[in-house]
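For reference, each letter of the sequence shown is one residue, going 0 to 116 in numbering that gives the first Met the number 0.
The C-beta atom is built at its ideal place from N, Cα and C for all residues, glycine as well.
Working notes, beginning with the structure itself.
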Amino acid sequence: MPLYEHVMIARQDLSNAQAESLVEHFGTVLADNGGNVVDSEYWGVKTMAYKINKNRKGHYAFLKTDAPSGAVQEMERLMRLHDDVMRVLTIKVDEHNEGPSVQMQKRDEREGRRERR
Numbered sequence: 000m001p002l003y004e005h006v007m008i009a010r011q012d013l014s015n016a017q018a019e020s021l022v023e024h025f026g027t028v029l030a031d032n033g034g035n036v037v038d039s040e041y042w043g044v045k046t047m048a049y050k051i052n053k054n055r056k057g058h059y060a061f062l063k064t065d066a067p068s069g070a071v072q073e074m075e076r077l078m079r080l081h082d083d084v085m086r087v088l089t090i091k092v093d094e095h096n097e098g099p100s101v102q103m104q105k106r107d108e109r110e111g112r113r114e115r116r
């Protein structure tokens with residue numbers, strides 16, 4: 000099955016538990032349609048570069064999935080219809096990277112950064 004990565008931004012006035020339950024809800028939607036969530040990360044509340052629906056901040060969540068395209072389309076459709084979800088980005092990837100995403104790594108663990116002067 001194809002591999003996908005999804006980033007979802009939810010409204011800032013949700014609690015952390017509600018934002019994490021959204022991730023679980025959309026994971027079950029994916030599982031009901033023949034896919035599965037390989038890994039999920041809750042990135043927390045972050046400031047956005049510009050306002051979306053009069054919000055300056057949002058709850059960010061990241062999902063790594065292994066699912067057929069029909070299941071991904073259904074999950075995206077339900078995400079776009081959900082009132083608490085502001086934006087969704089889905090990317091098809093060749094393989095999932097092992098370990099935490101770049102957002103979850105500590106600054107000193109990131110490779111390829113040069114020393115500041």
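Identify the continuous beta strand (DSSP E) that holds residue 7 and give its terminal residues. Segment 2-10, the beta strand (DSSP E) holding residue 7.
Opposing strand residues paired with residue 118 [DSSP bridges]: An answer regarding residue 118 cannot be provided, because it is not within the stretch 0 to 116 covered by the chain.
Mapping DSSP to helix, strand and coil, what is residue 120? Nothing about residue 120 can be read from this structure; the chain reaches only from 0 to 116.
Can you give me the C-alpha to C-alpha distance between residue 96 and residue 54, rounded to a whole angstrom? Roughly 31 Å between the two C-alpha positions.
Spell out the partners DSSP gives residue 86 in its beta bridges. Within the DSSP secondary-structure output, residue 86 pairs in a beta bridge with 8.
Do you know offhand how far residue 73's Cα is from residue 104's? Cα to Cα, residue 73 sits roughly 31 Å from residue 104.
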